[in-house]
Amino acid sequence: MRFSLAKMIRVLIINYIFKAVFVGVAVGGVCLGTIGDIFGRKKAIAISMIILFVAGFGNAFVPSFWWMVVCRGIVGFALGGTGQGLTVCTEYCPVHMRGRAAFFLCYFWSFGTIMVILISWVVMQYLNSWRLLLGILSLPSLVGLVCLKWYPESARYYLVSGQYDRAVKILQRVAKTNGTDLPPGRLVQVIAEEKRGRFKDLLTKEYRVATLIIWYTWWAVALSAYGTVFISPIIIQKGYLGNVENDNQTKGNQSEIESNIMPCVEFSQQNFIDLLWTSAAEFPGLLIFTFLAELCGRKVLLSVSCIVNGFLLLLLLLRTYKIVILLVLFAARGLMLAVFQLLYIVTLEVSVTSVHIKMHYIFIQDVYSNPGSIANF
1 MRFSLAKMIR VLIINYIFKA VFVGVAVGGV CLGTIGDIFG RKKAIAISMI
51 ILFVAGFGNA FVPSFWWMVV CRGIVGFALG GTGQGLTVCT EYCPVHMRGR
101 AAFFLCYFWS FGTIMVILIS WVVMQYLNSW RLLLGILSLP SLVGLVCLKW
151 YPESARYYLV SGQYDRAVKI LQRVAKTNGT DLPPGRLVQV IAEEKRGRFK
201 DLLTKEYRVA TLIIWYTWWA VALSAYGTVF ISPIIIQKGY LGNVENDNQT
251 KGNQSEIESN IMPCVEFSQQ NFIDLLWTSA AEFPGLLIFT FLAELCGRKV
301 LLSVSCIVNG FLLLLLLLRT YKIVILLVLF AARGLMLAVF QLLYIVTLEV
351 SVTSVHIKMH YIFIQDVYSN PGSIANF
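Mapped onto our numbering, the consecutive letters of the sequence shown carry residue numbers 1 to 377.
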């Protein structure tokens with residue numbers, strides 16, 4: 001009983017860090033989503049990159065655990081607006097290419113995951129400094145901020161916000177960059193400027209059913225996705241889903257247990273290798289879904305994928321050979337990110353531009369906070 005209590009305290013302490021990130025994402029989704037609707041996607045992305053770099057770099061110098069929690073919460077706030085890059089991508093792509101283009105964009109997410117593992121491997125194995133690691137990992141956001149100079153604002157945003165001339169100029173610039181001309185005809189002008197960024201638009205009669213279904217689907221998918229990510233290191237270290245502590249840690253007096261409430265278990269080189277190849281599973285999953293998203297119906301593909309992924313997660317509870325469990329984890333990780341990206345596409349396609357930033361950011365990001373914290377248990 002005492003060990004169970006100590007374990008629960010450890011989980012609650014670790015949960016503060018994860019919870020701070022997800023709550024930050026929820027709040028950032030509201031604020032930066034509104035900025036993206038009213039002032040433009042590019043401005044929201046720029047603000048996200050600035051905050052992400054400052055908070056991420058500052059995380060390397062935190063003096064205490066609670067300052068770590070605060071910094072992680074600010075990082076989460078910044079992450080609430082970074083997904084607007086996907087919004088711009090889908091707004092520029094033709095409908096028949098939107099699914100494939102969005103999956104191509106997600107390849108870089110997987111590439112970033114692999115790079116984080118490799119950098120962590122080198123820094124922790126040879127320099128053994130988590131502060132240096134966090135400092136290095138904050139630098140890509142600074143590079144992204146610089147690259148925004150060549151990042152075009154959404155022409156669709158300009159159009160629905162009444163900035164017709166800017167929309168035309170952006171499209172002309174895009175056409176010139178690609179060595180082609182704009183299609184013949186005239187861009188249809190929006191006569192009345194729509195009110196953008198209103199929460200109540202999500203629950204109007206036209207969108208109420210779709211909104212409620214999407215909210216629940218995001219909750220379920222986020223719970224499975226983050227849960228899979230959180231348990232991956234445990235499975236990789238032990239070969240099955242169990243505690244990372246050694247068996248002899250269940251023995252001893254109360255002081256020994258309390259002194260080890262929050263143990264740090266060092267990753268071996270083999271652990272990094274296993275984490276690397278199971279994370280690389282995201283690439284084949286994305287590759288397959290890149291083409292299936294165009295060939296199959298979005299709803300059918302999403303439904304079947306969720307059922308299959310649920311079955312794979314149940315298989316992770318088995319106690320069998322480690323290689324078998326790692327292969328199941330490989331398949332689950334590969335399928336889950338593809339499902340995540342497919343749900344992003346479905347979310348953006350079921351709502352019009354004037355409200356889809358809100359649908360995408362307010363409650364989609366809000367539900368992240370709850371599954372993220374629940375998954376830690």
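In this text, a Cβ means the ideal position worked out from N, Cα and C, and glycines have one as well. Please read all numbers here as calculations on a predicted model, not as lab measurements.
Next on the checklist: At 4 residues or longer, what runs of the alpha helix (DSSP H) sit wholly inside the stretch 32–99?
Outcome noted: The qualifying runs are 41–58, 65–82, 84–92.
Checklist entry - Counting along the chain, where does the alpha helix (DSSP H) carrying A167 start and finish? => result For A167, the enclosing alpha helix (DSSP H) starts and ends at 164–177.
Checklist entry - How big is the Cα-Cα spacing for T82 and K19? => result Going by C-alpha positions, T82 is about 19 Å away from K19.
Checklist entry - What's the C-alpha gap between I74 and V23? => result Cα to Cα, I74 sits roughly 9 Å from V23.
Next on the checklist: Just verifying my parser: in three-state terms, what is the DSSP assignment at G239?
Outcome noted: If DSSP states are grouped into helix, strand and coil, G239 belongs with coil.
Item to check | 6 Å CB neighbourhood of L315 in its chain, flanking five on each side removed | outcome: Shown here for L315: same chain residues with a beta carbon closer than 6 Å to its own, the five before and five after excluded, namely V328 in chain order.
Checklist entry - Should I170 be labelled buried (16 or more other beta-carbon atoms within 10 Å of its own) or exposed? => result Classification of I170: buried, given that the 10 Å Cβ count is 16 or more.
Checklist entry - Is C89 closer than 8 Å to A78 when the C-beta atoms are compared? => result Contact flag unset, no.
Next on the checklist: Please state the DSSP three-state secondary structure of A101.
Outcome noted: Helix at A101.
Next on the checklist: What residue range does the alpha helix (DSSP H) around G310 cover?
Outcome noted: For G310, the uninterrupted alpha helix (DSSP H) segment begins and ends at 298–315.
Checklist entry - What's the gap between the Cα of K69 and the Cα of W130? => result Note that residue 69 is Val in the sequence shown here, rather than Lys. Rounded to whole angstroms, the gap between the alpha carbons of V69 and W130 is 15 Å.
Checklist entry - Between the C-alpha atoms of W277 and I214, what's the straight-line distance to the nearest angstrom? => result Straight through space, the alpha carbons of I214 and W277 are spaced by roughly 32 Å.
Checklist entry - Between which two residues does the alpha helix (DSSP H) containing T347 stretch? => result Residue range 322–349 is occupied by the alpha helix (DSSP H) that includes T347.
Checklist entry - With 16 other CB atoms within 10 Å as the buried threshold, where does D37 fall? => result D37 counts as buried, since at least 16 other C-beta atoms from the protein chains shown sit within 10 angstroms of its C-beta.
Next on the checklist: I'd like the span of the alpha helix (DSSP H) that includes N271, first residue to last.
Outcome noted: Its alpha helix (DSSP H) spans residues 269–279.
Checklist entry - Given a threshold of 16 other Cβ atoms within 10 Å of its Cβ, counted over all protein chains shown, does C147 qualify as buried or as exposed? => result It counts as exposed.
Next on the checklist: According to DSSP, is Q125 part of a helix, a strand, or is it coil?
Outcome noted: In this structure, Q125 counts as helix in the three-state DSSP scheme.
Checklist entry - Buried or exposed: where does V389 fall if 16 or more other Cβ atoms within 10 Å of its Cβ makes it buried? => result As shown, the chain starts at 1 and ends at 377. That puts residue 389 outside it, with no answer to give.
Checklist entry - What is the rounded straight-line gap between the Cα of V21 and the Cα of A210? => result Near 27 Å, if we compare the C-alpha coordinates of A210 and V21.
Next on the checklist: Check for me: the alpha helix (DSSP H) holding Y157 runs from which residue to which?
Outcome noted: Segment 155–160, the alpha helix (DSSP H) holding Y157.
Checklist entry - Alpha carbon to alpha carbon, how far is R139 from F53? => result Correcting the residue type first, residue 139 is Leu in the shown sequence and not Arg. Computed Cα separation, rounded: 7 Å.
Checklist entry - Measuring CB to CB, does T290 end up less than 8 Å from R100? => result Closer than 8 Å, so yes.
Item to check | Reduced DSSP category for S138 - H, G, I as helix; E, B as strand; rest coil | outcome: If DSSP states are grouped into helix, strand and coil, S138 belongs with coil.
Item to check | Residues of its chain near S141, where Cβ-Cβ distance is below 7 Å and the 5 sequence neighbours each way are ignored | outcome: Close CB contacts of S141 within its chain, under the 7 Å cut and outside five residues either way in sequence, are with M49, L52, F53, G56 (chain order).
Next on the checklist: Quick check on DSSP: helix, strand or coil for L132?
Outcome noted: L132 falls in the helix class under three-state DSSP.
Checklist entry - Which whole-angstrom value describes the C-beta separation of L241 and L317, a residue pair presumed to lie in contact below a C-beta threshold of 8 Å? => result Taking C-beta atoms under 8 Å as the contact rule, L241 and L317 qualify, at a distance of about 6 Å.
Item to check | For A167 and N128, the rounded distance between their alpha carbons | outcome: Cα atoms of N128 and A167: separation of roughly 50 Å, rounded to the nearest angstrom.
Checklist entry - What are the boundary residues of the alpha helix (DSSP H) that includes T290? => result First-last of the alpha helix (DSSP H) with T290: 282–295.
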